[in-house]
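To keep things clear, I will list the structure first and then write my remarks on it.
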Amino acid sequence: MSWGSELWDQFDNLEKHTQWGIDFLEKYAKFVKERSEIEISYAKQIRNLSKKYQPKKNSREEEESKYTFCKAFLTTINELNDYAGQHEVIAENLTSQIITELSRYLQDLKTERKSHFHDGRKAQQHIESSWKQLESCKRKFERDCKEADKAQQYFDKMDADINVTKADVEKARQQAQVRHQMAADSKSDYSSYLHKFNQEQNEHYYTVIPNIFQKLQDMEEKRIERLGACMRTFADVDRQVIPIVGKCLDGMSKAAEAIEAKTDSKQVVESYKSGFEPPGDVEFEDYEQAMKRAVSESSLNNSRGEVRERPTGKSKGKLWPFIKNKNKFMSLLTSPRQPPPAPPASSPPSPSADSQSPKQHKEPLSHRLNDFMASKPKMHCLRSLRRGGSGPEDFSHLPPEQRRKKLQGKLVELNKDIQKETDQRDALTKMKDVYVKNPQMGDAASLDPRLAELEQNIEKLQFEVQKFEGWLSEVEERMPSKSDTHRRSGLYESQSSGAVNNNCAQDRESPDGSYTEEQNSESHEKANVANAKPPVAVTPEFDDEFDDEESLPTIGNCKALYPFDGHNEGTISVAEGELLYVIEEDKGDGWTRVRRNQDEEGYVPTSYVEVFLGTNAKGAMTYI
Numbered sequence: 059m060s061w062g063s064e065l066w067d068q069f070d071n072l073e074k075h076t077q078w079g080i081d082f083l084e085k086y087a088k089f090v091k092e093r094s095e096i097e098i099s100y101a102k103q104i105r106n107l108s109k110k111y112q113p114k115k116n117s118r119e120e121e122e123s124k125y126t127f128c129k130a131f132l133t134t135i136n137e138l139n140d141y142a143g144q145h146e147v148i149a150e151n152l153t154s155q156i157i158t159e160l161s162r163y164l165q166d167l168k169t170e171r172k173s174h175f176h177d178g179r180k181a182q183q184h185i186e187s188s189w190k191q192l193e194s195c196k197r198k199f200e201r202d203c204k205e206a207d208k209a210q211q212y213f214d215k216m217d218a219d220i221n222v223t224k225a226d227v228e229k230a231r232q233q234a235q236v237r238h239q240m241a242a243d244s245k246s247d248y249s250s251y252l253h254k255f256n257q258e259q260n261e262h263y264y265t266v267i268p269n270i271f272q273k274l275q276d277m278e279e280k281r282i283e284r285l286g287a288c289m290r291t292f293a294d295v296d297r298q299v300i301p302i303v304g305k306c307l308d309g310m311s312k313a314a315e316a317i318e319a320k321t322d323s324k325q326v327v328e329s330y331k332s333g334f335e336p337p338g339d340v341e342f343e344d345y346e347q348a349m350k351r352a353v354s355e356s357s358l359n360n361s362r363g364e365v366r367e368r369p370t371g372k373s374k375g376k377l378w379p380f381i382k383n384k385n386k387f388m389s390l391l392t393s394p395r396q397p398p399p400a401p402p403a404s405s406p407p408s409p410s411a412d413s414q415s416p417k418q419h420k421e422p423l424s425h426r427l428n429d430f431m432a433s434k435p436k437m438h439c440l441r442s443l444r445r446g447g448s449g450p451e452d453f454s455h456l457p458p459e460q461r462r463k464k465l466q467g468k469l470v471e472l473n474k475d476i477q478k479e480t481d482q483r484d485a486l487t488k489m490k491d492v493y494v495k496n497p498q499m500g501d502a503a504s505l506d507p508r509l510a511e512l513e514q515n516i517e518k519l520q521f522e523v524q525k526f527e528g529w530l531s532e533v534e535e536r537m538p539s540k541s542d543t544h545r546r547s548g549l550y551e552s553q554s555s556g557a558v559n560n561n562c563a564q565d566r567e568s569p570d571g572s573y574t575e576e577q578n579s580e581s582h583e584k585a586n587v588a589n590a591k592p593p594v595a596v597t598p599e600f601d602d603e604f605d606d607e608e609s610l611p612t613i614g615n616c617k618a619l620y621p622f623d624g625h626n627e628g629t630i631s632v633a634e635g636e637l638l639y640v641i642e643e644d645k646g647d648g649w650t651r652v653r654r655n656q657d658e659e660g661y662v663p664t665s666y667v668e669v670f671l672g673t674n675a676k677g678a679m680t681y682i
């Protein structure tokens, strides 16, 4: 059905309808634009989420990346990042294929509609103007006819009156003739203009207006078709990314299926196996000999013997290696406000420190506990290292098994670096040979500095390899063999072997609370001469003291260059020249975190202190 034939008299309604169609198209364009903004926002949030949970570049994250469930989670994060990229593609396609095209089409549509309705209004104005002229001719003809009729009646009246002169009658007759002529002329004009108007009106309603309305109809149909195409594109944009989104989801599923609990359990053994042997049996210490020597001290020795013998029956019930905070426990037995000493230098203990006279069996309980805790290997030092502590180059702070793995990994990295430098050297050597044979291609002497530099780098790396290989062979020699393990796993061990095992465990611990492989001759002599002291178990009333949260480890020392008041929250006051422990380096904000003792720590300006890290902090005490 054509608008021109059916809606010839609905010009105003068609104008409103076409304007509503344009408004609807603008509404749809706005809808697509908001959908695109939502997709961009959603993709941004997904990317931020995946970035937030990306593993950080530190040792702890490297350890975690060895587990299959951590690898699966990392794969999920990466696939989610790709998934966010597909939503960005949706937003880009919506913008380029719909929003931009609709904006341009709307401008053309508005211009075309305006042109059509301008022509329609012009045609209407023309037909209305013709109608007004026709009405004017009609009224003129009517007026002239009335005037002619009046003039004829006046002439007839004057002609019938005998009292009127002949001149007046002649004048009335001429006047009536003039009026009749004017009426005849008006009739002719009216007739001709009426014919013209009818032709124009017929052309207006059957040709001009139908053509304009047909153009408007075509324009409206194109608008509707364009809107339908945009809606199909709207769906196709999503459909195009479905295969890639499906691949992302498949990647997540495959990553989840790749999780193996048994493999992760084995990785726990690989990550935390220390290589140490379990401690031997605790030997029995006979305190009756001291009672026989001094009768006057019998009451004191009996009371102390009861204190020491009572826990031996409970030593298996309370495991010392699981104590979280040894320093806090020792603070109960010593002065709680004792300031820390200057960082001690790492040196082997002197034999005089461990040589004991028979009277030293009467030493205070705090000394006995301190000796026992010093002989206990600190299993938490690896975890403290992961929290940010710095370790020596030879990884001597790690247990033997972990140290061996670290050294092997370091050797692999060094060999890769050597291969890389060697390849560069070989390539430059070939280039130099080419330059020597063809001097026009380049100066061979210009490559000598780089070749010398590569040779130096290779020599340094080879020296590093030899150094790490020496440390690795040292570790492998000192690690117990399987035969030793089976031999020591018997139900009974001699007291002398138990003493040696305890002292060896003590030698494995460095002054900063970490493991070391240094076993000097003095420690062996001490193990053979001095009897191992029995461990004193902690009574239940001390259990609550070890449930506190673990402190950060000491990573260095510092000396205060200027006094600092420390009135603000989170800061600590220091005096000029005071020595403190560093537990957190400056993160770029100008503040360094230090500790005065177990209970006092806070931030000081980095410019107020002189920090010593690395080997200078070797002797610092680690709070675990």
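First residue of the sequence shown: 59, per our numbering; consecutive thereafter.
Yeah, the Cβ is synthetic: ideal placement off N, Cα and C, and Gly gets one too.
Since we're looking at a predicted model, the values are computed, not measured.
Per-residue DSSP class, three states only, for residue 440: As a working mapping, residue 440 is identified with position 382 in the sequence shown. In this prediction, residue 440 has a pLDDT of 41, which is less than 50 and means its spatial position is unreliable; what the coordinates show is noted afterwards. If DSSP states are grouped into helix, strand and coil, residue 440 belongs with the helices.
First and last residue of the uninterrupted beta strand (DSSP E) at residue 175: Here the question's residue 175 lines up with position 117 in the sequence shown. That residue, residue 175, is in no beta strand (DSSP E); its alpha helix (DSSP H) goes 158-218.
Cβ-Cβ separation, residue 610 to residue 642 (assumed contact under 8 Å), whole Å: Against the sequence shown, residue 642 aligns to sequence position 584. Against the sequence shown, residue 610 aligns to sequence position 552. Between residue 610 and residue 642 the Cβ distance is about 6 Å, and since that is below 8 Å, they are a contact.
Residue 639, DSSP secondary structure in three states: As a first step, residue 639 is located in the sequence shown; it is residue number 581 there, counting from the start. If DSSP states are grouped into helix, strand and coil, residue 639 belongs with the strands.
Beta-carbon proximity of residue 333 to residue 459, cut-off 8 Å: On the sequence shown, position 275 is the one that residue 333 refers to. On the sequence shown, position 401 is the one that residue 459 refers to. Going by C-beta atoms, residue 333 is nearer than 8 Å to residue 459.
Within 8 Å, strictly: CB atoms of residue 635 and residue 617: To locate residue 635, count along the sequence shown from 1; it is residue 577. To locate residue 617, count along the sequence shown from 1; it is residue 559. Contact: yes.
Exposure label - residue 321; buried when at least 16 CB within 10 Å: Translated into the one-based positions of the sequence shown, residue 321 becomes position 263. So residue 321 ends up on the exposed side.
Member of 451, 496, 205 and 80 whose CA lies at the smallest distance from the CA of residue 172: Numbered from 1 along the sequence shown, position 114 holds the residue referred to as residue 172. For residue 172, the nearest C-alpha among the options comes from 80.
Burial state of residue 277 (16 or more Cβ within 10 Å): If you number the sequence shown from 1, residue 277 lands on position 219. Looking at its Cβ environment, which holds 16 or more other Cβ atoms inside 10 Å, residue 277 is buried.
Exposure label - residue 239; buried when at least 16 CB within 10 Å: Start at 1 with the first residue of the sequence shown, and residue 239 comes out as number 181. An exposed status is given to residue 239, since fewer than 16 other beta-carbon atoms sit within 10 Å of its beta-carbon.
Close-in-space but distant-in-sequence residues of the same chain around residue 629 (CB under 7 Å, 5 per side omitted): Against the sequence shown, residue 629 aligns to sequence position 571. Beyond the five residues adjoining it in sequence on each side, residue 629 comes within less than 7 Å, by CB distance, of 660, 661 and 662 in the same chain, given in chain order.
Burial state of residue 61, where buried means 16 or more other Cβ atoms lie within 10 Å: Mapped onto the sequence shown, residue 61 falls at position 3. Label assigned to residue 61: buried.
8 Å contact criterion, which residue 313 and residue 130 should meet: CB distance rounded: Stepping through the sequence shown from its first residue, residue 313 is reached at position 255. Stepping through the sequence shown from its first residue, residue 130 is reached at position 72. With a beta-carbon spacing of about 4 Å, residue 313 and residue 130 fall inside the 8 Å limit used to define contacts.
Beta-carbon contacts of residue 192 that lie in its chain and below 7 Å, excluding the five residues immediately before and after: Counting from one through the sequence shown, the residue named residue 192 turns up at place 134. Short of 7 Å from the beta carbon of residue 192, and not among the five residues preceding or following it, lie these beta carbons of its own chain, in chain order: 251, 252 and 255.
For residue 98 and residue 146, believed in contact at Cβ under 8 Å, the rounded distance: Position 88 of the sequence shown holds residue 146. Position 40 of the sequence shown holds residue 98. Here residue 146 really is in contact with residue 98; their C-beta atoms are around 7 Å apart, less than 8 Å.
Alpha helix (DSSP H) runs wholly inside the stretch 222-263, at least 4 long, in chain order: Counting only runs of 4 or more, we get 224-261.
Among 181, 644 and 649, the one whose alpha carbon lies nearest that of residue 626: Taking the first residue of the sequence shown as 1, we reach residue 626 at position 568. Closest in alpha carbon position to residue 626, among 181, 644 and 649, is 649.
Cβ-Cβ distance between residue 530 and residue 462 below 8 Å: Here residue 530 is taken as the residue at index 472 of the sequence shown, counted from 1. Here residue 462 is taken as the residue at index 404 of the sequence shown, counted from 1. The criterion of a C-beta distance shorter than 8 Å is satisfied by residue 530 and residue 462.
Short Cβ contact (8 Å threshold) for residue 306 with residue 177: The count along the sequence shown starts at 1 and reaches residue 306 at position 248. The count along the sequence shown starts at 1 and reaches residue 177 at position 119. With contacts defined as CB atoms closer than 8 Å, residue 306 and residue 177 fail to qualify as a contacting pair.
Where the alpha helix (DSSP H) through residue 78 begins and ends: Along the sequence shown, one-based indexing puts residue 78 at 20. If you look at residue 78, you'll find it in the alpha helix (DSSP H) that goes 69-110.
Start-to-end residues for the beta strand (DSSP E) that takes in residue 671: Indexing the sequence shown from 1 puts residue 671 at position 613. Run containing residue 671: 667-671, per the beta strand (DSSP E) assignment.
Anticipated Cβ contact below 8 Å, residue 274 with residue 83, distance rounded: Walking along the sequence shown from the start, residue 274 turns up at place 216. Walking along the sequence shown from the start, residue 83 turns up at place 25. In this structure, residue 274 and residue 83 do not form a Cβ contact; the two beta carbons are roughly 15 Å apart against a cut-off of 8 Å.
Paired residues, beta bridge with residue 662 - DSSP: Indexing the sequence shown from 1 puts residue 662 at position 604. Here residue 662 is bridged, per DSSP, to 650.
DSSP state of residue 617 mapped onto helix, strand, coil: Indexing the sequence shown from 1 puts residue 617 at position 559. Residue state, collapsed to three classes: strand.
Cβ contact (3+ pairs, closer than 8 Å) linking the stretch 486-505 and the stretch 469-478: Contact fails: fewer than three Cβ-Cβ distances are below 8 Å.
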